[in-house]
Amino acid sequence: MRLFFALWPSAAHRQTLAASSAGAVAQVDGQAVPKANFHVTLAFLGMVPGRTFARLVEIGGQDGYPGVDLVFDRFEYWPRPRVYVAMPTQVPIAGLQLVERLWQRIEPLGFKREIRPWRPHLTLARKVRRQPPIGLALAADQLPSSKDPARWGLGLVESVTHPDGPRYRPLAEWPFG
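Residue numbers for the sequence shown follow our numbering, beginning at 39 and rising by one.
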């Protein structure tokens with residue numbers, strides 16, 4: 039199984055995220071990410087043997103993970119993977135603590151931590167064919183946000199590749215708080 043830990047939004051919040059970013063996605067002529075795939079990656083694990091799965095579920099269910107408030111207030115176009123993302127200007131300390139705590143518990147199982155610093159982002163479109171206009175921003179009342187922690191939880195998510203793109207499915211979820 040190809041797995042990762044992620045901030046996983048509730049179904050209702052997925053709808054809000056899709057609606058608030060639809061105008062921006064239309065500007066880039068790309069393949070909109072299905073709202074069922076919305077997430078913020080915390081720790082990518084890669085291919086995981088089945089015997090390790092139960093231990094990862096235990097790790098996800100442990101206490102001590104802080105809820106994370108993210109405000110996606112800017113967009114970025116990443117030309118190399120041709121994706122369009124929403125990002126927060128400020129990376130919250132609680133998010134960095136969450137990622138660190140996860141890795142402290144995952145590394146003893148033999149997984150290798152990402153070398154680059156955590157950059158929380160919500161991928162909105164893939165296979166972008168047109169770079170977005172400079173200065174494109176969301177109206178303040180349309181910002182995708184995680185300000186309500188009840189709208190997000192921690193998920194252990196499986197990534198399955200299909201001809202039309204990846205599909206993500208939470209195999210285990212835990213609410214914050």
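By construction, the Cβ of each residue, glycine as well, lies at the ideal position given by its N, Cα and C atoms.
Nearest-angstrom Cβ-Cβ length linking residue i and residue j, presumed shorter than 8 Å
{"i": "V30", "j": "F42", "result": "The shown model of the chain, from 39 to 215, leaves out residue 30, and the question about it has no answer."}
{"i": "G159", "j": "A124", "result": "Checking the sequence shown, residue 159 turns out to be His, not Gly. The pair is a contact, with the Cβ atoms about 7 Å apart (cut-off 8 Å)."}
{"i": "W156", "j": "V137", "result": "5 Å"}
{"i": "G105", "j": "F214", "result": "4 Å"}
{"i": "T161", "j": "V71", "result": "5 Å"}
{"i": "K165", "j": "R120", "result": "6 Å"}
Residue i, DSSP secondary structure in three states
{"i": "F110", "result": "coil"}
{"i": "L55", "result": "helix"}
{"i": "W141", "result": "helix"}
{"i": "V63", "result": "helix"}
{"i": "P146", "result": "helix"}
{"i": "P182", "result": "With a pLDDT of only 48 at P182, under 50, the local geometry of the prediction cannot be trusted, and no value is derived from it."}
{"i": "P187", "result": "The predicted position of P187 is uncertain, since its pLDDT is 47 and thus under 50; no value can be drawn from it."}
{"i": "I153", "result": "coil"}
Any non-hydrogen atom of the ligand MG within 8 Å of residue i CB
{"i": "D202", "result": "In the structure shown, the ligand MG is absent, as is every other ligand, since no ligand is present at all."}
Enclosing beta strand (DSSP E) for residue i [first to last residue]
{"i": "R207", "result": "G203 to P213"}
{"i": "P47", "result": "R40 to P47"}
{"i": "R164", "result": "L160 to R164"}
{"i": "W190", "result": "W190 to H200"}
Those runs of the beta strand (DSSP E) which lie wholly inside the stretch 68-138 and span at least 3 residues: Within the stretch 68-138, the complete beta strand (DSSP E) runs of at least 3 residues are 78-85, 112-116 and 121-125.
Meets three-Cβ-pair contact criterion under 8 Å: the stretch 85-101 and the stretch 139-148: By the criterion of at least three beta-carbon pairs nearer than 8 Å, the stretch 85-101 is in contact with the stretch 139-148.
Cβ pair count under 8 Å reaching 3, the stretch 126-141 against the stretch 58-71: Flag = no, the stretch 126-141 and the stretch 58-71 do not touch.
Three-pair Cβ contact test at 8 Å for the stretch 41-58 versus the stretch 78-90: The stretch 41-58 is in contact with the stretch 78-90.
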